[in-house]
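Okay, so here's the structure we're looking at.
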Amino acid sequence: MFWRIIKYSLLTLTVLSLTGCAYQKEYNAVSKRGSAADKFNFAVKAYDKGDYKKAITVFEELMPVYRGKDDFENLLYNLAYAYFYEKDYYMASYYFRMSGRMFPGSASIEETTYMSAYCKFLESPYYKLDQTATVEAIKQLQLFINYYPHSPKVPEAARLIGELRDKLALKAFELANMYYKRNLYNAASIAYYNFLRDYPESTYREEAAYRMLRSRFLYAENSIREKQPERYARVQEAYESFMRSFADSRYRKEVDKYYGISQSKLK
1235 MFWRIIKYSL LTLTVLSLTG CAYQKEYNAV SKRGSAADKF NFAVKAYDKG
1285 DYKKAITVFE ELMPVYRGKD DFENLLYNLA YAYFYEKDYY MASYYFRMSG
1335 RMFPGSASIE ETTYMSAYCK FLESPYYKLD QTATVEAIKQ LQLFINYYPH
1385 SPKVPEAARL IGELRDKLAL KAFELANMYY KRNLYNAASI AYYNFLRDYP
1435 ESTYREEAAY RMLRSRFLYA ENSIREKQPE RYARVQEAYE SFMRSFADSR
1485 YRKEVDKYYG ISQSKLK
């Protein structure tokens, strides 16, 4: 029984090896002497086998040959997915978008529009890095929702937009915190204000509102006498805004203190 299993395994490996050699020979022959149709058929075969690198190489080579022909839409569709499965989301998004623009009447237009946006979502980097791709992903996902409001993908697209906005909110909040920790209280108060304006749904709202008020208070405290009245008045504005949203906040005692001091200073 044991030797029979070994014999069967060796036979399987031999068959696979020969198949792989035949496939490589086919690729070499098609690359050197194959017609455009031969190359296209091989690229589809490579794609179906999951050999996306070879599929991409051949499809890219055929782009200028098939442009304007009936099979060009299919070529773009497969090329986009080949890049997607290779996790090159930048190129995948590019070709999905090209497919949608060149074939707006296609049966796959909704799919390619979504996939272009989804690839941008996957391209979005860690929140501390440049967020250009994140902003573009939100834009494309929102356009998808606008164009196809009844698509079954709309809830998923909305969820992805929420994730991306959370990432942008965290970046903005951390920027404000950086100013705050460096005692740059005017810059911090402006950054927290912008954060509260741009991300009213964020889970960091209460913390940002408190830190904005405290930053304004410390900025006023450390200002020259002539500038203090105007700056203490802004502390009171921040207090009123804070109380409208967070009257039961754990920071209530502290913000009441800042308000009381600013009132006495103004008198």
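If you count the sequence shown from 1, you need to add 1234 to reach my numbering. The beta carbon of each residue, even a glycine, is placed where N, CA and C say it ideally should be.
Indicate the three-state DSSP secondary structure (helix, strand or coil) for residue i in the structure shown.
i            : result
residue 1417 : coil
residue 1248 : The pLDDT assigned to residue 1248 is 46, lower than 50, so where the model puts this residue is not dependable, and the model offers no usable value.
residue 1347 : helix
residue 1352 : helix
residue 1458 : coil
residue 1337 : coil
residue 1302 : coil
residue 1285 : coil
residue 1253 : Bear in mind that the predicted position of residue 1253 carries a pLDDT of just 49, short of 50, making it too unreliable to give a figure here.
residue 1481 : coil
residue 1493 : helix
residue 1363 : coil
residue 1519 : This structure leaves residue 1519 out entirely; the chain is present only between 1235 and 1501.
residue 1390 : helix
residue 1396 : helix
residue 1320 : coil
residue 1463 : helix
Enumerate in chain order the residues of its own chain whose CB-to-CB distance from residue i is below 6 Å, with the five nearest sequence positions on each side excluded.
i            : result
residue 1409 : 1425
residue 1370 : 1354
residue 1241 : Reliability of the predicted coordinates at residue 1241 is poor, the pLDDT of 48 falling under 50, and the value obtained from them is presented with this limitation in mind. Taken in chain order, the list of residues that qualify is empty.
residue 1436 : 1403
Find the nearest neighbour of residue i within the set the options, judged by alpha-carbon distance.
i            : options                   : result
residue 1501 : 1438, 1373, 1463 and 1328 : 1463
residue 1356 : 1324, 1389, 1387 and 1339 : 1324
residue 1494 : 1456, 1457, 1451 and 1482 : 1451
residue 1489 : 1297, 1447 and 1440       : 1447
residue 1453 : 1259, 1321 and 1423       : 1423
residue 1378 : 1402, 1397, 1343 and 1337 : 1343
residue 1420 : 1387, 1404, 1455 and 1460 : 1455
residue 1270 : 1397, 1293, 1498 and 1335 : 1293
residue 1477 : 1497, 1352, 1276 and 1443 : 1443
residue 1483 : 1438, 1341 and 1336       : 1438
residue 1308 : 1418, 1461, 1334 and 1481 : 1334
residue 1336 : 1306, 1320, 1274 and 1321 : 1306
Given a threshold of 16 other Cβ atoms within 10 Å of its Cβ, counted over all protein chains shown, does residue i qualify as buried or as exposed?
i            : result
residue 1473 : buried
residue 1284 : exposed
residue 1445 : buried
residue 1365 : buried
residue 1178 : Outside the modelled stretch of the chain, which goes from 1235 to 1501, sits residue 1178, for which no answer is possible.
residue 1303 : exposed
residue 1479 : exposed
residue 1368 : buried
residue 1312 : buried
residue 1392 : exposed
residue 1401 : buried
residue 1387 : buried
residue 1407 : buried
residue 1256 : exposed
Looking only at its chain, what residues have a beta carbon closer than 7 Å to the beta carbon of residue i, apart from the 5 residues adjacent to it on each side?
i            : result
residue 1317 : 1290, 1325, 1326 and 1329
residue 1395 : 1372, 1375 and 1376
residue 1332 : 1310
So is the beta-carbon of residue i under 7 Å away from any non-hydrogen atom of the ligand NAD?
i            : result
residue 1413 : As presented, the structure is devoid of all ligands, the ligand NAD included, so that no description of it is given.
Output needed for residue i: all residues of its chain with C-beta closer than 8 Å, excluding positions within five of it in sequence on either side, in chain order.
i            : result
residue 1405 : 1361, 1362 and 1365
residue 1261 : 1276, 1280 and 1288
residue 1245 : With a pLDDT of only 46 at residue 1245, under 50, the local geometry of the prediction cannot be trusted, and no value is derived from it.
residue 1440 : 1479, 1480, 1483 and 1485
residue 1457 : 1465
### Query
Does the region 1449-1467 come close enough to the region 1430-1440 to have 3 or more Cβ pairs within less than 8 Å?
no
### Message
Could you check whether the region 1335-1353 touches the region 1377-1389, counting it as contact only if at least three pairs of C-beta atoms, one from each stretch, sit closer than 8 Å?
### Response
yes
### Message
Would the region 1275-1283 count as touching the region 1298-1305 if we require 3 or more Cβ pairs under 8 Å?
### Response
no
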